[in-house]
Structures are given as C-alpha cells and as structure tokens.
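To start, the structure under review is shown below, and the notes come after it.
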Amino acid sequence: TEASLLRMLKGSPDVYLSGPIRKYITDKGGRFHLRWGCREILYDKAANAETYVKGLAMSKATDKKVVQADAYVAACDVPGIKRLLPSSWREMKFFNNIYALVGVPVVTVQLRYNGWVTELQDLERSRQLRRALGLDNLLYTPDADFSCFADLALTSPEDYYREGQGSLLQCVLTPGDPYMPLPNDEIIRRVAKQVLALFPSSQGLEVIWSSVVKIGQSLYREGPGKNPSRPDQKTPVKNFFLAGSYTKQDYIDSMEGATLSGRQASA
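The numbers in the sequence shown follow our numbering, run straight up by one, and end at 516.
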C-alpha cells in the first residue's frame, strides 16, 4: 500500500506512554495524588477584576482537602469539563461555548482470530500462526460502522501478539449510538460481519476471543459549526488552563490530539 503510515505504541499505553511520563515527573520530585476527586474549583477576583483560581476542593471517601498551586490544568473530556467548570463561568462566552459540544457514545470492540485478517497477498500464509502478517498500520474506512481499526498483534506486538494466535482487531465505533443498547454478542456478530466484508480473504477464519467496551460519552460529536466552540488551552482565568483533544489543536479528537493539546497547554 502507498497509504500514509501511522505508527502506534508497540505495547500498552501504561507501559509505553503514561508510564514513562509518570516516571519522568516523579524522578523530578513531582507527585501523583490518585483517586482524589475534584469537587469544586475555588476562585476569586483580583483588584483588577481578573478571575483567578485559588484552590481545588478535593475529596477521597470521607477525606477532604484543598489543593493550592500556581497554575491549574484541567485535562478532561467534554463531559468531564462540563461537570468541573463553575456554573457562573458560563457568563464568559469562552466557557459557555464549550457547552455547545456534546459527547458521543463510543464502543470499542476487540476480535481475536485464528489467522491473519489483513494479510491480502497470500491466502495460505494468512492461515499460518508462526509469524504475524498483514497491514501494520492504523486503518480507516468509510465502508463500516467503525471509523478506524488496527490489528494490534501487528501494530503493538509487545503486549498484543500471542504465539499460536492470529490477528487482534480493535475496531472503534463512533458515534456508537446504535450499538449502545445491543447485547455484546450481537455487537460482535455485526462487527465480525463488517470485517469480513472489508477483507473477503478472511473467509473461514474464526473469532476465538472477543471484548466489548461501551463508553456513554467520550469524543465530541463533530458537525457543521462545532469547531468554533472548541476552546484554546489558555482561558480568561489567568492561572487556569485546558487540555484535552476537544480543545483547539490540529489533530482529530483522539489520544494523539489530547497529547498535542497538552503540549500546547504547557507552551
């Protein structure tokens, strides 16, 4: 194929993305306060009428505390930032625009096969399990309900290749509205049927394991007129910043877009 090559992490994000970031921060003396929920943004106005954040009201079970910092970054998805922002901040157009963005359901389906689904050159080789074969790329199609997909056994082999097993297709259905009420078995049946339509050469391969994960609201629903509602990382509140793939950045609403937004927030 002459398509662009989009590389993925060679293994799980915890090992190859968030793990190294966490280590970098802790090696420099940073700390992570896990399982603490932010209940309220505490804010005030300076003498020049500028709004600033003075702390975050946090809680974990029955424990409560106020965390203070020089700067605050809210790295959230669309539903999360809507829950976090003080209602009075909607008086500022910058923040009120965010509420025009709506989170959509996302369904992620993983299908493990007893052969190599995306191996198009040699049917016989697609049936052997001694060596991983197929398209080592993040793939997109307009001809299925899943917007993008990849064979994780090829793209991220460190954690997802299994000796004696074949492709592990991960298919992301978004918007996933029609699939949310369906039982997992029906979702798997429909997705497997669409995989076969995309790769007729996989006829005869069997799904030997499957997984379905449903998220009620995740990515924002794209559509005409929505892009101007995406906020910059810098906000009218002088020490409060935003990050997340829904914010303004040049990539799609995705993990890569979220990473880029974080870089822009730190600039």
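Where is the CB? At the ideal position from N, CA and C, for every residue including glycine.
Quick caveat, the model's predicted, so the values are computed rather than measured.
Can you tell which of Gly329, Leu387 and Ala306 has its C-alpha closest to the C-alpha of Ser494?
-> Gly329
When DSSP builds the beta bridges, which residues end up paired with Leu305?
-> Ile290 and Val316
Quick one: measure Cβ to Cβ for Pro473 and Leu491, integer angstroms, because I've assumed they're closer than 8 Å.
-> Not quite, the Cβ-Cβ distance comes to about 23 Å (not below 8 Å), so this is no contact.
Give a yes or no on whether the C-beta atoms belonging to Gly425 and Val356 are separated by under 9 Å.
-> yes
Beta strand (DSSP E) runs wholly inside the region 306-381, at least 3 long, in chain order | 312-316, 321-324 and 355-362
Measure the alpha-carbon distance for Asn433 versus Asp392 and round it to whole angstroms.
-> 21 Å
With C-beta atoms as the reference, is Lys314 less than 9 Å away from Trp338?
-> no
Any idea what DSSP makes of Val440, helix, strand or coil?
-> helix
Three-state secondary structure (DSSP) at Val486?
-> coil
Rounded to whole angstroms, what's the CA-CA distance from Tyr321 to Leu360? Just pull it up for me.
-> 40 Å
Work out the CA separation of Ile347 and Asp385 for me, nearest whole Å.
-> 37 Å
Which residues in the same chain have their Cβ closer than 8 Å to the Cβ of Pro335, if we skip the five residues on either side of it in sequence?
-> Glu289, Ile290 and Tyr292
In this structure, does DSSP put Ile457 in helix, strand or coil?
-> strand
Sort Tyr469, Trp365 and Thr423 by Cα distance to Ile457 and report the nearest one.
-> Trp365
Between the C-alpha atoms of Ser459 and Val358, what's the straight-line distance to the nearest angstrom?
-> 7 Å
At which residues does the alpha helix (DSSP H) containing Ser396 begin and terminate?
-> Segment Phe395 to Asp400 is the beta strand (DSSP E) holding Ser396; no alpha helix (DSSP H) there.
Measure how close the beta-carbons of Glu435 and Tyr362 come, nearest whole angstrom, since I'm counting them as under 8 Å.
-> Wrong, their Cβ atoms sit about 19 Å apart, outside the cutoff.
Identity of the residue in Gln419, Gly278 and Gly465 nearest Pro427 by Cα = Gly465
Cβ distance (whole Å) where Leu388 is taken to contact Ala399 below 8 Å = 6 Å
Expected contact under 8 Å - CB spacing of Met257 and Thr404 to nearest Å = 4 Å
For Ser396, which residues of its own chain have a beta-carbon under 7 Å away from its beta-carbon, when the five flanking residues on both sides are left out?
-> Tyr389, Val421 and Thr423
Going along the chain, which residues of its own chain have a beta-carbon closer than 6 Å to the beta-carbon of Val462, five neighbours each way excluded?
-> Thr357
Please classify Ile464: does DSSP put it in a helix, a strand, or coil?
-> strand
Three-state secondary structure (DSSP) at Ala492?
-> strand
Please list, in chain order, all residues of the same chain as Ser261 whose beta carbon is under 7 Å from its beta carbon, the five residues on each side excluded.
-> Asp408
Identify whether Thr508 lies in helix, strand or coil by the three-state DSSP scheme.
-> helix
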